[in-house]
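Asks: Chain order of the listed sequences is F and A. FYI, in the working numbering the residues of the first sequence are 122 to 269. FYI, in the working numbering the residues of the second sequence are 7 to 425.
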Amino acid sequence: MNDLRELYQEVIFDHNRHPRNFGKLEGATHEADGYNPLCGDRLHLYLILDNDKCVERVTFEGEGCAISTASASLLTEALQGRSEAEARALLQDVVAMATGNVVNTDALGKLSVLSGVQEFPARVKCATLAWHTLESALDQNDTAVTTE
Amino acid sequence: MQAGTASLVTTMDRLASGAFKADFPILQQQVGNKPLVYLDSGASSQKPQVVIDAMTKYYCHDHSNVHRGVHTLSQRATHAYEQARQKVADFINAPSTDDVVFVRGTTEAINLVANSYGASQLQAGDEVLITALEHHANIVPWQMVCERIGARLRVLPINDCGELRLDQLDALLSSRTRIVAVAHISNALGTVNPVAQIVERAHALGVVVLVDGAQSIPHAKIDVQALDCDFFCFSGHKVYGPTGIGVLYGRQSLLQQMPPWQGGGDMIRVVTFEKTTYADPPLRFEAGTPDIAEAIGLGAALDYVSAIGLDKIAAHEKALLEYATAQLSSVPGLRIIGTAAHKAAVVSFLLKGIHPHDLGTILDAEGVAIRAGHHCAMPVMQFFSIPATARASFGLYNTMTDIDALVAALHKARKLFGL
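1. So which residues of chain F does residue 393 (chain A) contact, with C-beta pairs closer than 8 Å?
2. Cβ closer than 9 Å: which chain A residues qualify as neighbours of residue 181 (chain F)?
3. Please classify residue 172 (chain A): does DSSP put it in a helix, a strand, or coil?
4. Rounded to the nearest angstrom, how far is the Cβ of residue 289 (chain A) from that of residue 272 (chain A), given a contact under 8 Å?
5. With a threshold of 8 Å between beta-carbons, can residue 61 (chain A) be considered close to chain F, or not?
6. Could you tell me whether the Cβ of residue 141 (chain A) comes closer than 8 Å to any Cβ of chain F?
7. Tell me the residue span of the beta strand (DSSP E) that contains residue 163 (chain F).
8. Residue 21 (chain A) lies in the beta strand (DSSP E); which residues open and close that run?
9. Can you tell me whether residue 211 (chain A) is buried or exposed? The criterion is at least 16 other CB atoms within 10 Å of its CB, across all chains shown.
10. In whole angstroms, what is the alpha-carbon distance linking residue 156 (chain A) and residue 128 (chain A)?
11. Tell me the start and end of each unbroken beta strand (DSSP E) in the segment 270-322 of chain A that is at least 3 residues and wholly inside, in chain order.
12. Could you name the residues of the same chain whose beta carbon sits closer than 8 Å to that of residue 18 (chain A), not counting the 5 residues immediately before and after it, in chain order?
13. Going by DSSP, which residues form a beta bridge with residue 252 (chain A)?
14. With a threshold of 16 other CB atoms inside 10 Å of the CB of residue 10 (chain A), please say whether the residue is buried or exposed.
15. Does the CB of residue 85 (chain A) have a neighbour CB from chain F at under 8 Å?
16. Listed in chain order, which residues of the segment 234-245 of chain F have Cβ atoms closer than 8 Å to some Cβ of chain A?
17. Okay, do the segment 182-195 of chain F and the segment 125-135 of chain F touch, 3+ Cβ pairs below 8 Å being the bar?
18. Kindly confirm or deny that the segment 299-313 of chain A and the segment 198-206 of chain A touch, where touching means at least three C-beta pairs closer than 8 Å.
19. Would you list, in sequence order, the uninterrupted alpha helix (DSSP H) runs of no fewer than 4 residues that lie entirely inside the segment 225-262 of chain F?
20. Please decide whether residue 423 (chain A) counts as near chain F, where near means a Cβ-Cβ distance under 8 Å.
21. Determine whether the Cβ of residue 146 (chain F) lies closer than 8 Å to any Cβ atom of chain A.
22. Tell me, please, whether the CB atom of residue 368 (chain A) is closer than 8 Å to any CB atom in chain F?
23. Consider the Cβ of residue 396 (chain A): report whether some Cβ of chain C lies at a distance smaller than 8 Å.
24. Mind the definition here: the segment 107-118 of chain A touches the segment 69-85 of chain A only if three or more C-beta pairs lie below 8 Å; say whether that holds.
25. Please report how far the alpha carbon of residue 304 (chain A) lies from the alpha carbon of residue 249 (chain A), in whole angstroms.
26. According to DSSP, simplified to helix, strand and coil, what is residue 133 (chain F)?
27. Specify the secondary structure class of residue 377 (chain A) as computed by DSSP and reduced to three states.
28. Nearest by alpha-carbon distance to residue 219 (chain F): which of F:175, F:139 and F:245 is it?
29. Beta-carbon within less than 7 Å of residue 113 (chain A)'s beta-carbon, same chain only, minus the 5 sequence neighbours each way: which residues are those?
30. Starting from residue 134 (chain F), find everything on chain A with Cβ-Cβ shorter than 8 Å and list it in chain order.
31. Let's test the definition: count the other Cβ atoms within 10 Å of the Cβ of residue 420 (chain A) and tell me whether it reaches 16, buried, or not, exposed.
32. What distance in whole Å lies between the Cβ atoms of residue 167 (chain F) and residue 146 (chain F), which are believed to be in contact at a cut-off of 8 Å?
33. Between which residues of its own chain and residue 409 (chain A) is the CB-CB distance below 6 Å, once the five residues before and five after are set aside?
34. So, helix, strand or coil for residue 78 (chain A), using DSSP?
35. For a contact meaning CB atoms closer than 8 Å, what does residue 125 (chain F) contact in chain A?
36. Which same chain residues end up closer than 7 Å to residue 170 (chain A) when comparing Cβ atoms and leaving out the 5 residues on each side of it in sequence?
Following this line, the structure appears as structure tokens:
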């Protein structure tokens with residue numbers, strides 16, 4: 122159960138039960154679909170980048186497991202006010218952390234709760250789905266990103 | 007136990023007590039420091055020692071390539087391989103071993119029929135009828151051949167219990183229907199489909215019927231002559247045999263008229279650069295070196311199942327299903343998806359407030375292996391407007407104690423999630 126508690130920390134439950142910035146965003150400048158065919162998780166990410174390429178607003182819609190929902194919700198909080206370059210750097214750090222690579226988790230703040238998936242290889246894709254979708258949105262890629 | 011009283015312990019008693027677990031070395035382990043409770047036989051069943059031994063013995067003593075060899079090992083390998091074909095024919099009551107084609111699994115069997123029978127018989131405007139309960143393996147091959155030919159794929163719908171809407175069958179069987187392809191048992195919901203009745207109504211219109219038996223082969227006695235189906239497909243690994251081996255049973259008159267779908271060795275009679283004449287079925291459809299050890303392993307698995315008795319296994323699993331349905335229904339917030347009157351040893355369910363994928367992880371930490379996801383039946387999930395389910399499926403080695411472990415783990419999951 123110890124590993125399970127590492128995976129399902131209170132922050133995860135909180136964001137799963139009460140996802141932040143959930144819903145459609147009118148006037149999005151960037152958006153993308155994310156899909157995990159393995160478990161059926163789907164999400165849609167909306168972003169408004171201002172003229173300085175800073176994140177003005179970010180929201181998400183969709184349904185998924187506790188890990189993918191909490192990860193998307195945490196993403197929307199973490200991105201607020203960041204520049205595109207910072208957002209891209211952050212997503213690389215989160216993906217690296219989730220896949221077990223050594224990163225400075227202190228610098229990730231609240232996002233470090235996602236490190237619990239390291240011990241659950243089958244669940245890494247749940248934690249990274251929102252972040253891969255972010256990359257797709259920033260790239261303005263029209264095709265849905267999948268974790269497969 | 008004293009000699010003489012052993013006979014009083016019936017096979018049913020042994021099934022109920024889980025005595026057959028001892029035959030499966032993989033089940034003797036712990037997962038997450040808990041005894042493994044394997045409830046995923048619908049995805050793949052485990053293998054008894056006799057199957058593993060049969061394959062090891064073959065590789066240690068008898069292996070060579072089959073057919074045409076005159077040396078001892080080749081003759082032994084050929085004999086064992088063809089003996090396995092006989093065991094399959096006996097197991098499903100096929101009229102002859104010539105009706106039994108070895109393939110990699112159910113998926114390959116359906117692809118073979120779609121690409122050989124389907125592609126040679128279907129014409130633009132013809133129709134193939136499948137059902138809303140099918141596994142992707144009995145949807146996609148037909149979609150592909152229909153698209154190529156300009157034929158139309160039609161779908162028999164289901165009701166809210168997950169049962170086929172037979173009342174719509176006659177309307178969907180049109181003068182253009184050429185093939186009906188239907189699952190014997192739904193892998194996602196456990197619904198047992200009335201295939202004999204479907205065969206009868208299709209045959210009245212001269213329509214050929216393929217039965218996807220991937221889920222029925224370990225749970226029910228199969229008699230292809232009584233079913234009167236034209237094709238019956240199954241995988242070895244669902245019936246306690248190895249992966250990589252499966253069976254296509256075909257009505258001989260249909261197999262005879264079907265062109266080969268892969269070319270190569272073993273499927274020919276005479277090859278010249280001008281023209282090749284093909285072997286008769288079943289070898290016509292077995293190009294290249296087959297999965298010899300796996301076929302032998304399958305034969306051993308069928309012997310094992312037959313020795314216990316499929317009627318007894320079915321009765322045991324029926325008791326498990328009834329117990330599981332009752333026990334699971336007592337878990338607050340649990341909803342069973344698929345409530346057909348006639349079901350096999352599968353329970354798909356949702357637990358309010360916990361996504362199936364989270365459930366899968368939490369149950370695994372308790373040593374309980376279930377499956378979470380769409381079960382390769384996305385249209386079934388779409389019908390119920392759900393992304394996924396958790397699914398427990400049972401085999402001959404499972405017991406009511408296993409179901410108690412599942413229910414206890416579900417209560418733990420609820421507690422962890424603060425429900």
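Beta carbons: idealized from backbone N, C-alpha and C, even for Gly. Just so it is clear, the structure is predicted and the values come from calculations on it, not from any experiment.
Replies: For this structure:
1. Within chain F, the residues placing a beta-carbon under 8 Å from that of residue 393 (chain A) are 160, 161, 162, 163, 184 and 185, ordered along the chain.
2. In chain order: nothing, as chain A lies at least about 16 Å away.
3. Assignment of residue 172 (chain A) by DSSP, reduced to helix, strand and coil, places it in the helix class.
4. That belief holds up - the Cβ atoms of residue 289 (chain A) and residue 272 (chain A) are roughly 6 Å apart, short of 8 Å.
5. Closer than 8 Å: no.
6. Closer than 8 Å to the CB of residue 141 (chain A) there is not a single CB belonging to chain F.
7. Counting along the chain, the beta strand (DSSP E) containing residue 163 (chain F) begins and ends at 162-170.
8. For residue 21 (chain A), there is no enclosing beta strand (DSSP E); the residue is found in the alpha helix (DSSP H) stretching over 17-23.
9. Flag for residue 211 (chain A) reads exposed.
10. About 9 Å.
11. Here the runs fully enclosed are 274-277 and 282-284.
12. Contacts found: 318, 321 and 322.
13. DSSP links residue 252 (chain A) through a beta bridge to A:109 and A:241.
14. Any reading at residue 10 (chain A) must be qualified, since the residue scores a pLDDT of 48, below 50, and its modelled position is unreliable; no value is offered.
15. Between residue 85 (chain A) and chain F, the shortest Cβ-Cβ separation is not below 8 Å.
16. Residues 241, 243 and 244.
17. Because the criterion of three Cβ pairs below 8 Å is met, the segment 182-195 of chain F and the segment 125-135 of chain F touch.
18. Cβ pair count under 8 Å is below three, so no.
19. The qualifying runs are 226-229 and 245-259.
20. Chain F contact via Cβ: present.
21. No, residue 146 (chain F) lies away from the interface with chain A (no Cβ there is under 8 Å from its Cβ).
22. Cβ-Cβ to chain F under 8 Å: yes for residue 368 (chain A).
23. Included in the structure are the protein chains F and A, with no chain C among them.
24. Because the criterion of three Cβ pairs below 8 Å is not met, the segment 107-118 of chain A and the segment 69-85 of chain A do not touch.
25. Cα to Cα, residue 304 (chain A) sits roughly 9 Å from residue 249 (chain A).
26. DSSP, read as helix, strand or coil, puts residue 133 (chain F) in helix.
27. Residue 377 (chain A) falls in the strand class under three-state DSSP.
28. Taking the Cα of residue 219 (chain F) as reference, the smallest distance to any Cα among F:175, F:139 and F:245 is reached at F:245.
29. Correct list, in chain order: 143.
30. Simply 423 and 424.
31. When all chains shown are included, residue 420 (chain A) counts as buried.
32. With 8 Å as the limit, residue 146 (chain F) and residue 167 (chain F) qualify as a contact, their Cβ atoms being about 4 Å apart.
33. Cβ neighbours of residue 409 (chain A) beyond the five flanking positions: 329, 330 and 333.
34. Note: residue 78 (chain A) maps to helix in three-state DSSP.
35. For residue 125 (chain F), the C-beta contacts it makes with chain A under 8 Å involve 367, 368, 371 and 422, in order along the chain.
36. So the list reads 137, 139, 162, 164 and 199, once near-sequence residues are dropped.
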